[in-house]
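Counting in our numbering, the sequence shown runs without a single skipped number right up to 1049 at its last residue. In this text, a Cβ means the ideal position worked out from N, Cα and C, and glycines have one as well.
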Amino acid sequence: MLVLEEQSTKINWLEIAQQFESIVGAKRVVRTREDLIAYECDGLTSYRQQPEIVVLPKTTEEVSEIVKICDRNSISFVARGSGTGLSGGALPVENSVLIVTALMKKIIEVDLENQRVVVQPGVINNWVTQAVTGAGFYYAPDPSSQIICSIGGNVAENSGGVHCLKYGVTTNHVLGLKLVLPDGSIVDVGGKIPEMPGYDLTGLFVGSEGTLGIATEITLKILKIPEAIHVLLADFASIEAAAEAVSDITGAGIIPAGMEMMDNISINAVEDVVATGCYPRDAVAILLVEVDGSEIEVAENSQRIAEMCRKNGARNITTATDAEQRLRLWKGRKAAFAAAGRLSPDYYVQDGVIPRTKLPFVLNEIENLSKKFGYPIANVFHAGDGNLHPLILYDNSIEGELERVEELGGEILKLCVRVGGSISGEHGIGADKKCYMPEMFSTADLETMSWIRLVFDRQGIANPGKVIPTPRTCGEGAKSQNNHQTNNKFPSIERF
């Protein structure tokens, strides 16, 4: 990285911009300071850095030529889709080029017979379902931001959503990729069939957060719309009771399409904003459970789930069977993050994962941390797979608040790891959580990741400073003082 920093002072940015303009035209190259403000962060707005240049390609060939210029001049580049990521994965780095795929929004092929769709990375998540729903199909991964987040970003972060409990996250629905590697070469990995021989390079790339290259075409698997779908909403007088209901449902062998929980702070926030009229404001927690399949299966499972919720103290249970009713019940959950913006000037969201059986204990510990640090925490999460999204409410205009909130968020991540979980379920590591990677991984683990990255990116120019911690970016003991696995030793590959 030191080499890159020394070279950056010698770069003639005007000449580089002119080279980009020769590829995509002047209108798709952004360089003025005021225009670059729109690109200085992603959904994690507490981290900001303006790129030197923004380029908006429309084709794989344009992306390739842009990356080749970066490679020849040892210029760092960062790929960005819709900019909705919450871990700083699309955060520009100093003296970098931001390659924005928002104009790469073609649905290239729809193959209903083989249940697949080929799209460019700028295609919005919800567009895929809209393109095939008339024929009785849909695309399962559905992040809460699905009406604005792009497929390319979903691939980079391996995004999940409500339906990931039963159907899996993005990697379970990507069959193949056309990639531009960090030297500008174009390769195809995977294919149009589920099983391919050789190394699973598709699986390696999905979730790599732009550190191995840029996906320019993505082959997705689509599913048939189920015969029947029911959504149940149960409200509880305690979070512990709702958590026990979750354990009972999964323990009974029922795999819902989705199972979500919200606490009282979140319930009232969404009712203030979207006014569903469905979420009881006095409930300590609500549980949303969606079941799908055949008519008989759904009817039976809905009844069993309702019984288990009542056994655990559910006060009321509402069941929605038609599309409009289901949408109404889900509306609040989908708007939860946005609604939190009404509760305080700022919020900081984390993305840890825990075993389902640890839900009551971990939620109690989060409440204790909330009291210790003095910040309210709203809890919204994928209860079925233990993916927590605690939203820490604070005011960034107060000096020192962000640092304290980040420390609190770090304690929550460490808690998740201690109970056998993970520091990320779907938001990725990015710039936000890289210093917590040693909480989960040994020095050898991190070294291996670094060497894999080096194979793809010999100069370390693809989204540098993300995912993998180094002493330079995290400090010898930063955020890992109690780490017994690694003794705070980081990989030796400093360029990352």
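{"Asked": "Please return the same chain residues whose Cβ sits closer than 8 Å to the Cβ of residue 606, not counting the five positions on each side in sequence.", "Found": "566, 569, 570, 573, 582, 583, 584, 650 and 651"}
{"Asked": "When you compare only the Cα positions, how much space is there between residue 851 and residue 611?", "Found": "44 Å"}
{"Asked": "State the Cα-Cα distance for the pair residue 1039 and residue 993, rounded to the nearest angstrom.", "Found": "Residue confidence for residue 1039 is low, a pLDDT of 34 falling below 50, so the modelled location carries little weight and cannot support an answer."}
{"Asked": "Assign residue 661 to one of two classes, buried (16 or more other C-beta atoms within 10 Å of its C-beta) or exposed (fewer than that).", "Found": "exposed"}
{"Asked": "When the Cα atoms are used, what is the spatial distance from residue 864 to residue 857?", "Found": "11 Å"}
{"Asked": "Measuring alpha carbon to alpha carbon, tell me which of 899, 755, 1012 and 911 ends up nearest residue 958.", "Found": "899"}
{"Asked": "Using a threshold of 9 Å, state whether the C-beta atoms of residue 779 and residue 805 are closer than that.", "Found": "no"}
{"Asked": "So residue 932 is in the beta strand (DSSP E); what residue range does that whole segment cover?", "Found": "930–935"}
{"Asked": "Check whether the stretch 969–976 touches the stretch 1001–1021, taking contact to mean three or more Cβ pairs, one atom from each stretch, closer than 8 Å.", "Found": "no"}
{"Asked": "Residue 836: which of 764, 814, 724 and 663 sits nearest, CA to CA?", "Found": "814"}
{"Asked": "Give every residue of the same chain whose Cβ lies closer than 7 Å to the Cβ of residue 800, excluding the five residues on either side of it in the sequence, and list them in chain order.", "Found": "909 and 910"}
{"Asked": "Answer with buried or exposed for residue 892, where buried requires no fewer than 16 other C-beta atoms within 10 angstroms of its C-beta.", "Found": "buried"}
{"Asked": "Report yes or no: is there a C-beta of chain C within less than 9 Å of the C-beta of residue 1015?", "Found": "Looking at the structure shown, chain C is missing, and only one protein chain is on hand."}
{"Asked": "To the nearest angstrom, how far is the alpha carbon of residue 563 from that of residue 624?", "Found": "15 Å"}
{"Asked": "Look at residue 723 and residue 742 and say whether their C-beta atoms are less than 9 Å apart.", "Found": "no"}
{"Asked": "Residue 999 lies in the alpha helix (DSSP H); which residues open and close that run?", "Found": "996–1009"}
{"Asked": "Determine the burial state of residue 681: buried for a count of at least 16 other Cβ atoms within 10 Å of its Cβ, exposed for fewer.", "Found": "buried"}
{"Asked": "Does the Cβ of residue 753 have 16 or more other Cβ atoms within 10 Å, making it buried, or fewer, making it exposed?", "Found": "exposed"}
{"Asked": "When the Cα of residue 969 is compared with those of 922, 991, 907 and 946, which residue comes out closest?", "Found": "907"}
{"Asked": "Going by beta-carbon coordinates alone, are residue 955 and residue 640 separated by less than 9 Å?", "Found": "no"}
{"Asked": "Consult DSSP for residue 626 and reduce its assignment to one of helix, strand or coil.", "Found": "coil"}
{"Asked": "Shortest alpha-carbon distance to residue 897 belongs to which of 928, 916 and 904?", "Found": "928"}
{"Asked": "Would you kindly report the start and end of the unbroken alpha helix (DSSP H) that includes residue 787?", "Found": "Where residue 787 is concerned, there is no enclosing alpha helix (DSSP H), although the beta strand (DSSP E) it sits in stretches over 781–789."}
{"Asked": "What number of angstroms, rounded off, separates the C-alpha of residue 783 from the C-alpha of residue 1001?", "Found": "45 Å"}
{"Asked": "Roughly how many angstroms lie between the CA atoms of residue 951 and residue 1022, to the nearest whole one?", "Found": "28 Å"}
{"Asked": "When you compare only the Cα positions, how much space is there between residue 793 and residue 834?", "Found": "18 Å"}
{"Asked": "Tell me the DSSP secondary structure of residue 1031 in three-state form.", "Found": "Note that residue 1031 scores a pLDDT of 43, beneath 50, so its modelled location is shaky; the value from the coordinates is reported in the next line. Three-state DSSP puts residue 1031 in coil, outside helix and strand."}
{"Asked": "Should residue 637 and residue 596 be called a contact, given that it needs their Cβ atoms to be closer than 9 Å?", "Found": "yes"}
{"Asked": "With a CB to CB cut of under 6 Å and the five nearest residues on each side skipped, what residues in its chain are close to residue 775?", "Found": "668, 670, 685, 690 and 692"}
{"Asked": "Within this structure, are the beta carbons of residue 703 and residue 654 separated by less than 9 Å?", "Found": "yes"}
{"Asked": "By how many angstroms is the C-alpha of residue 647 removed from the C-alpha of residue 1048?", "Found": "Annotation note: pLDDT 44 at residue 1048 (below 50); position unreliable, coordinate value reported separately. If you take the alpha carbons of residue 1048 and residue 647, they lie about 14 Å apart."}
{"Asked": "For the putative contact between residue 914 and residue 840, defined by C-beta atoms under 8 Å, what is the C-beta separation to the nearest angstrom?", "Found": "Not really, about 18 Å apart at Cβ, beyond 8 Å."}
{"Asked": "Residue 594 and residue 979: beta carbons closer than 9 Å?", "Found": "no"}
{"Asked": "Locate the beta strand (DSSP E) running through residue 940, then write down its first and last residues.", "Found": "940–947"}
{"Asked": "By the DSSP assignment, the beta strand (DSSP E) with residue 756 in it spans what residues?", "Found": "First-last for residue 756: 754–758, but that is the alpha helix (DSSP H), not the beta strand (DSSP E)."}
{"Asked": "Less than 6 Å between C-beta atoms, sequence neighbours within five positions excluded: which residues of the same chain meet that for residue 964?", "Found": "922"}
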